[in-house]
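This report refers to the structure that appears directly beneath it.
There are 2 protein chains.
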Amino acid sequence: MAAKFKYNEDILELSNFARVMSNPVRAYIMKKLSDMNTCCYGCDIVKELRIAPSTVSQHLKELKYAGLIQGVTEGPFIKYCINSENWKEAGYLFREFFGELPVKKEDICDIKSVENNNDI
Amino acid sequence: MAAKFKYNEDILELSNFARVMSNPVRAYIMKKLSDMNTCCYGCDIVKELRIAPSTVSQHLKELKYAGLIQGVTEGPFIKYCINSENWKEAGYLFREFFGELPVKKEDICDIKSVENNNDI
DNA sequence: TATTTATTTCGTAATTTTGCGAAATAACGA
DNA sequence: TCGTTATTTCGCAAAATTACGAAATAAATA
Numbered sequence: 005m006a007a008k009f010k011y012n013e014d015i016l017e018l019s020n021f022a023r024v025m026s027n028p029v030r031a032y033i034m035k036k037l038s039d040m041n042t043c044c045y046g047c048d049i050v051k052e053l054r055i056a057p058s059t060v061s062q063h064l065k066e067l068k069y070a071g072l073i074q075g076v077t078e079g080p081f082i083k084y085c086i087n088s089e090n091w092k093e094a095g096y097l098f099r100e101f102f103g104e105l106p107v108k109k110e111d112i113c114d115i116k117s118v119e120n121n122n123d124i
Numbered sequence: 005m006a007a008k009f010k011y012n013e014d015i016l017e018l019s020n021f022a023r024v025m026s027n028p029v030r031a032y033i034m035k036k037l038s039d040m041n042t043c044c045y046g047c048d049i050v051k052e053l054r055i056a057p058s059t060v061s062q063h064l065k066e067l068k069y070a071g072l073i074q075g076v077t078e079g080p081f082i083k084y085c086i087n088s089e090n091w092k093e094a095g096y097l098f099r100e101f102f103g104e105l106p107v108k109k110e111d112i113c114d115i116k117s118v119e120n121n122n123d124i
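Chains as they are written, first to last, in our numbering: chain A, 5 to 124; chain B, 5 to 124.
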């Protein structure tokens, strides 16, 4: 029978990052950490999302395993921060995947010149 | 007991797109369609990835349901093309999620390219 | 008409994901 | 020391995902 197809490494990496972000809890955590570029404790997430500590712990573990966050022990707490390096890496991967997007209005340098636009 | 947390709509939308792209077959198909901005038939995917037709059909259905592709009947074939509108939308969602990344050279706002730009 | 090709639907089995409670660990403060 | 708080690990059950084969549909063609 035919050999199994070998996916491009980028596709596998991207789909794995996508898998990690496919859970709302994990997406929420990453959004929180990246948005305000701040850190948080597991107990913050427990309070905010009102889910079991063990569930949060599991998701944080997965994010850590994926290299997207890193934890620093602070007494009985563990302060989790984003791993900027890998976060950027994931960002580039997705950006490349979706391709260069036409600029949005608010991103355009000069609004006037938008009126004659030839891009597809 | 505490009411269930209500996620931001963007988070839910993003994690759902992420779920869709978390499967290598689906990521492969989208990459193929978006990369060369071309179309394909289900049977192409069957041949390329060497997986069962029913499996491919299922994945195409999911992509269609997510609004990322659209099919046009062509005799016994169905030609699938990308749904640019929604693909762009997903792209923006991810771009916003990952935040503005340090500009790469080719992304730098260049008056010339903006001058001929029709896209909204 | 019979055959071939592309596709879909359906049912199924295997695997993965998810969320939780219970129990254990660790650090802090009264 | 004892109780509180934060966290993790473990086991479990429910749900979702995945891939497949068999059967059915539909169009093209010999």
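Using N, Cα and C, we set each Cβ at its ideal position, and we do this for glycine too.
Item: Would you mind listing the alpha helix (DSSP H) stretches within the region 18-47 of chain B that are 4+ residues and don't spill past its ends, in chain order?; Value: 28-39
Item: If you draw a straight line from the alpha carbon of residue 13 of chain B to that of residue 42 of chain A, how long is it in whole angstroms?; Value: 22 Å
Item: Opposite residue 84 of chain B in the DSSP bridges: which residues?; Value: B:44, B:75
Item: Taking a cut of 9 Å between CB atoms, which residues from the region 9-26 of chain A lie near chain B?; Value: 9, 11, 12, 14, 15, 16, 18, 19, 20, 21, 22, 23, 24, 25, 26
Item: Cβ atoms of residue 98 of chain B and residue 98 of chain A: under 7 Å apart, would you say?; Value: yes
Item: Go ahead and label residue 95 of chain B buried or exposed: buried means 16 or more other beta carbons lie within 10 angstroms of its beta carbon, across all protein chains shown.; Value: buried
Item: So which residues of chain B does residue 67 of chain A contact, with C-beta pairs closer than 8 Å?; Value: Per Cβ cutoff of 8 Å: no residues; residue 67 of chain A is ~13 Å from chain B at best.
Item: Mind checking which residues open and close the alpha helix (DSSP H) that includes residue 66 of chain A?; Value: 57-69
Item: Please classify residue 95 of chain B: does DSSP put it in a helix, a strand, or coil?; Value: helix
Item: Do we get a CB-CB distance below 7 Å when we pair residue 54 of chain B with the residues of chain A?; Value: yes
Item: Under the three-state reduction of DSSP, which class applies to residue 8 of chain A: helix, strand or coil?; Value: coil
Item: Can you tell me whether residue 52 of chain B is helix, strand or coil according to DSSP?; Value: helix
Item: Can you tell which of B:54, B:53, B:45, B:55 has its C-alpha closest to the C-alpha of residue 79 of chain B?; Value: B:45
Item: Does the distance from the CB of residue 63 of chain B to the CB of residue 24 of chain B come in under 7 Å?; Value: no
Item: Of the residues that make up the region 29-49 of chain B, which ones have a beta carbon closer than 7 Å to any beta carbon in chain A?; Value: 31, 32, 35, 38
Item: For chain A, check one thing: does any of its Cβ atoms lie closer than 7 Å to the Cβ of residue 79 of chain B?; Value: no
Item: Residue 31 of chain B: buried (16+ other C-beta within 10 angstroms of its C-beta) or exposed?; Value: buried
Item: Is the CB-CB distance between residue 37 of chain B and residue 9 of chain A below 7 Å?; Value: no
Item: Would DSSP call residue 89 of chain B helix, strand or coil?; Value: helix
Item: By a C-beta neighbour count over all protein chains shown, 10 Å radius and 16 as the cutoff for buried, is residue 40 of chain B buried or exposed?; Value: exposed
Item: For residue 104 of chain A, I'd like the list of residues in its chain whose CB is within less than 6 Å of its CB, leaving aside the five on either flank, ordered along the chain.; Value: none
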